[in-house]
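In what follows, a single structure is set out as C-alpha cells and then discussed.
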Amino acid sequence: MTTTGAQRLTSRRADEVIFRRGAVPVTTARFLAEVAALAVRLPDEGPVLNFCADRYLALVAFAAALSRGQVTLLSADRSAPRLADIARGHGARYALSDTDAVLPVPVIRPDASPGDAGPNPAIPEDAVAAISFTSGSTGEPQPHAKPWGALVSGARAAAQRFRVTGATSILGTVPAQHMYGFETTVMMPLHGGGAGHAGSVFYPSDIAEALALLPAPRLLVTTPLQMRALLGSQVALPAMAGVISATAPLAAELAGEAEVAWGAPVREIYGATEAGSIASRRTLDGEVWEPYPGMRFEIDSGGARVTVPGLPTPVPLSDRLEWVGEGRFRLQGRLADMVKLAGKRASLAGLTRILTGIDGVEDGVFVAPDDLDVNPRARLAAAVVAPRLDAEAVVAALRSKVEPAFLPRPVVMVPALPRDAVGKVSRAAIAALAWKR
C-alpha cells in the first residue's frame, strides 16, 4: 500500500484528560512526556511483545514502540507458553510488561515517570503499528497486521457511533491486547475522545469500585459473560451513559435485564480481528446491524467482504450476511456454523441460544464432531453448566425445542465452560470432554 499521509500519535489537545489512574487524571501532555521517557529506554529494533496488565501502561508501551517505528505484538492470551510462542514465531526482540512473566526475550518494565515534555510524532498511515492475533478458540491463533491509518479511522468511527466526547470516562473489562479492547479502550482515547481507566478489573466489585471513581458520563466496555456475572452479583453500579458488548452474541433477554438494572442503552459491536470493529446495533432494537461510517460491504452468494478505511484489500468475513435495506444487514450465521443431520440444517449458534435459554442453564455450548459430514453415526454434543439439572433434564427440555436429529449425544455437565479472558469457549477443550480424546 502506498503512503497516503500521516497521522499524529494522538489528536487530543495537550490539556485534555486522556486517561485516569485511579482518581488521578493524566493529560495528553503528560502522556506524551511519559511516552518520550520510555522511548529512549527501548532497544533499537522490534517487534515488541506488549503484555502490560495496567491499561495505561499498555498504552504508553504501545505508543513508545510506535514512536520508534517498531511493531507491537498483541495477544489476548496472556499465558506464558502462548506469549513465548508468539515471541519466538514472530521475531520479538524484547517485551514490555508490568508483571514477572518469564519469556525468551528481555523484559522491560514501563513506568509513569515523565520527562519535561514529549513530541507528538507523525506516523505514516500505511505503517504497520501492531500485529493482532485471533483468539484461537477454533484453531491456531492467526496474526493480522494493523496499519496505523486503519487503527486511527476505526477509533474515530467508534467514537462517532457511540457518541464519545472528551468528557466520557471509558472503563474496559476486556484486555487491552484483545482487538476489541485495544480499539475501544486504547485507540479511542488517542483519537476518538474520552478518558480511559488505567487499572485492570474483572470481578463485579472491582468494576463497581472503579466506575465509582470515574466522573460521569461513564461508558462500560465489556462482554456478555461479564455482564451476566455483574447482574448475577446484584452489585450496585453508578449511573452510566452506555454499555458496549462484543466477543460473543448477546441475548436480548440479558440486554433487557441490563438496561433495566443500569438505566443505560446496551449496544453490541460486530467485527473480527481481521477487520476490527465494523458495525453496531442496540440489541433491543432487533437483529439488524448498521455499518460504521466509511465501511463498504459486498454481500453476494459467495459470501461477504468489507473494505475498511486504511486496510489495503477487502476483508472476507466468516459470517453469512444479507441486506435488509438502507445500507444495513442481518447476520444469517457463521459459514462454518451450519450443520446438516438427517437432511435438516441448523446453526450451532442457534442451538446454543436455545440451550442457554432453558430455565436452570447458566451456560452451555453445542459442538460438532470433526467427522460429522462423513460418519452417519456422528452426533452433536453439548457441554452444560446447570447446577440444579442433570443431563436427562437438559435433553428433555430441548426435546420440544429442536429437531430430534440435533439433540446432543452426549450432554456433558460441567461446573464451568473453558473460556478465555474475553469469554470465548475453546472448541478443542469441549471436544475433548465430549468425546474423551
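Sequential numbering from 1 applies to the sequence shown in UniProt numbering.
Just so you know, even glycine gets a beta-carbon here, dropped at the ideal spot from N, CA and C.
Fair warning: this is a prediction, and the values are worked out from it, not measured in the lab.
Per-residue DSSP class, three states only, for residue i
i: T134; result: coil
i: E16; result: coil
i: residue 443; result: For residue 443 there is no data in the structure shown, the boundaries of the chain being 1 and 437.
i: D300; result: strand
i: R437; result: The predicted model places R437 with a pLDDT of 49, which falls under 50 and marks its position as unreliable, so this point remains unresolved.
i: D420; result: coil
i: G22; result: coil
i: L254; result: helix
i: R281; result: strand
i: L398; result: helix
i: L380; result: coil
i: V260; result: helix
i: T2; result: Confidence is the limiting factor: at T2 the pLDDT is only 38, short of 50, which leaves the residue's position unreliable, though a coordinate-based value still follows. It is coil, neither helix nor strand.
i: R305; result: strand
i: A428; result: helix
i: A117; result: coil
i: G294; result: coil
i: N375; result: coil
i: A129; result: strand
i: V385; result: strand
i: G154; result: helix
i: S11; result: coil
The alpha helix (DSSP H) enclosing residue i, as first and last residue numbers
i: M179; result: 179-182
i: D85; result: 80-89
i: G271; result: Looking at the DSSP string, G271 is not in any alpha helix (DSSP H); the run it does join, the beta strand (DSSP E), is 266-272.
i: S67; result: 55-67
Limits of the unbroken beta strand (DSSP E) element including residue i
i: A74; result: Ala is not the amino acid found at residue 74; the sequence shown has Leu there. Segment 72-74, the beta strand (DSSP E) holding L74.
i: R8; result: 6-8
i: E290; result: 288-291
i: G32; result: Checking the sequence, you will find Leu at residue 32 rather than Gly. Run containing L32: none in the beta strand (DSSP E); it sits in the alpha helix (DSSP H), 28-39.
i: M413; result: 411-413
i: V48; result: 48-50
i: P143; result: 143-147
i: P124; result: 122-124
i: A95; result: 94-96
Presumed contact (8 Å Cβ cut-off) between residue i and residue j, rounded CB distance
i: V221; j: I170; result: 6 Å
i: V174; j: V422; result: 5 Å
i: Q7; j: I131; result: The Cβ separation is near 19 Å, so there is no contact.
i: D15; j: A29; result: 7 Å
i: A159; j: E183; result: A159 to E183, Cβ: 10 Å. No contact.
i: G360; j: A383; result: That belief does not hold up - the Cβ atoms of G360 and A383 are roughly 15 Å apart, past 8 Å.
i: T307; j: R296; result: 4 Å
i: V128; j: V71; result: 5 Å
i: S79; j: A39; result: 28 Å between Cβ atoms; not a contact.
i: A63; j: L9; result: 6 Å
i: G193; j: G166; result: 5 Å
i: L254; j: R228; result: 6 Å
i: A368; j: V339; result: 5 Å
i: V374; j: I430; result: About 20 Å separates the two Cβ atoms, so there is no contact after all.
i: A349; j: A434; result: Not quite, the Cβ-Cβ distance comes to about 17 Å (not below 8 Å), so this is no contact.
i: H197; j: R345; result: Actually they do not touch by this definition, with Cβ atoms about 44 Å apart.
i: L335; j: S347; result: 11 Å between Cβ atoms; not a contact.
i: P309; j: A150; result: 7 Å
Residue i: CB within 7 Å of a non-hydrogen atom of the ligand HEM
i: V48; result: Ligands displayed in this structure: none; no statement on the ligand HEM is therefore possible.
Assess contact between the region 277-296 and the region 327-347, defined as three or more Cβ pairs (one per stretch) separated by less than 8 Å. Is contact present? These segments touch.
The region 28-38 in contact with the region 206-224 per 3-pair CB rule at 8 Å: For the pair of segments examined, the region 28-38 was found not to touch the region 206-224: the number of CB pairs separated by less than 8 Å stays below three.
Which runs of the beta strand (DSSP E), 3 residues or longer, sit entirely within the region 315-372? With a minimum length of 3 residues, the continuous beta strand (DSSP E) runs that stay inside the region 315-372 are 319-325, 328-334, 338-341, 344-347, 363-367.
Unbroken stretches of the alpha helix (DSSP H), 4 residues or longer, contained in the region 162-247: 179-182, 188-191, 204-213, 224-233, all fully within the region 162-247.
Please determine if the region 43-54 and the region 91-102 are in contact, where contact requires at least 3 C-beta pairs separated by less than 8 Å. Yes: the two stretches touch, three or more of their Cβ pairs being nearer than 8 Å.
Can you confirm whether the region 229-248 touches the region 260-275 when touching is taken to mean that 3 or more C-beta pairs between the two stretches lie within less than 8 Å? As far as the Cβ criterion goes, the region 260-275 touches the region 229-248, which means the pair count is three or higher.
The region 52-63 in contact with the region 184-192 per 3-pair CB rule at 8 Å: A contact between stretches requires three or more CB pairs, one per stretch, nearer than 8 Å, and the region 52-63 meets this requirement with the region 184-192.
With a cut-off of 8 Å, do at least 3 Cβ pairs link the region 402-422 to the region 345-356? A contact exists between the region 402-422 and the region 345-356.
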